[in-house]
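Numbering (the numbering used here), first residue to last: 2 to 176.
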Amino acid sequence: MARHVRTELAARSAVVFVHPTAPPIQQLPGTPTALLDFPFDTTRTAVDLVAHGVFDRHPELRVILSHAGGFLPYAADRFSAAATFNPGTTPEDIQAGLRKFYFDTALSATPTSLPSLLAFAEPGHILYGSDFPYAHPDWSARFDQSLATYDGPGTERLGAVHRSAAERIFPRLAT
Numbered sequence: 002m003a004r005h006v007r008t009e010l011a012a013r014s015a016v017v018f019v020h021p022t023a024p025p026i027q028q029l030p031g032t033p034t035a036l037l038d039f040p041f042d043t044t045r046t047a048v049d050l051v052a053h054g055v056f057d058r059h060p061e062l063r064v065i066l067s068h069a070g071g072f073l074p075y076a077a078d079r080f081s082a083a084a085t086f087n088p089g090t091t092p093e094d095i096q097a098g099l100r101k102f103y104f105d106t107a108l109s110a111t112p113t114s115l116p117s118l119l120a121f122a123e124p125g126h127i128l129y130g131s132d133f134p135y136a137h138p139d140w141s142a143r144f145d146q147s148l149a150t151y152d153g154p155g156t157e158r159l160g161a162v163h164r165s166a167a168e169r170i171f172p173r174l175a176t
C-alpha cells in the first residue's frame, strides 16, 4: 500500500479490509492457492505493515485481516524478531503493532485456531466473517458450526464476534 494511500485512509478514519490473493510463488500440486497461500499472504502483509511502522505513522488506522489473520495469532511471538532487522524497533513494538489488527473468522473458526486467535487478539478485535461469496456454502457452514459450538479458552469473548465488535468500528451499524 503506497504511503499516500495510507495517509489518505488514515485522514478519512477508514477501516481497511485486507483479503489475500495468490502470492507470486508456485502453487503446490493438489493444494489450491486459497487453501495454503492465502494465510501466508495475509500474514506477510500484516508483518510488513507493522515492521515498517505503518501504525506508528498512522495510529488511527484500523485494519481487518481476513481468515483470522492467517498464521499471525499462532506465530506472533516469532514475528517479534522483525525488530532485529528494523532499526529503532523493539520486539515489544512489533507485538503492540500486531495487536492493533482486527481479525475476521472467515474459514478459520476451529477448535485449534480459535484458542490462538482469542489469546492473541485484543478484546473487541474479532469479527464474524464468512468469505461470502467466494467460499462454498457447505465449507462456510462447517466453520460457522465450529464457531457456534466452540467451548474452549476465551469462549466468553465470542459474544462480541457476531455484532458488537463490528458496531464499535462501524458505528452506523449500531443504529
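Beta carbons are placed, not taken as given, at the ideal position from N, Cα and C, and that holds for glycine.
Exposed is the label assigned to residue 26, since fewer than 16 other Cβ atoms lie within 10 Å of its Cβ.
Positions of the alpha helix (DSSP H) runs, each at least 4 residues long and wholly inside the stretch 115-140, are given as 115-121 in order along the chain. Between the stretch 37-48 and the stretch 18-25 there are three or more inter-stretch CB-CB distances shorter than 8 angstroms, so the stretches are counted as touching. A residue is called buried once 16 or more other Cβ atoms fall within 10 Å of its Cβ, and residue 149, having fewer, is exposed.
DSSP places residue 17 within a strand segment (E or B) once states are collapsed to three. Ranked by Cα distance from residue 127, the first of 135, 134, 94 and 118 is 118.
Nearest to residue 64 by C-alpha distance, out of 168, 104 and 89, is 104. At a cut-off of 4 residues, the continuous stretches assigned as alpha helix (DSSP H) that sit fully inside the stretch 13-77 are 34-52 and 55-58.
Straight-line spacing of the CA atoms in residue 174 and residue 159 works out to 18 angstroms. Residue environment analysis places residue 73 among the buried positions, since at least 16 neighbouring C-beta atoms fall within 10 angstroms of its C-beta. Residue 66 places its beta carbon 8 angstroms or farther from that of residue 84. In its chain, beyond the 5 residues on either side, 16 and 63 have a beta carbon closer than 6 angstroms to the beta carbon of residue 170.
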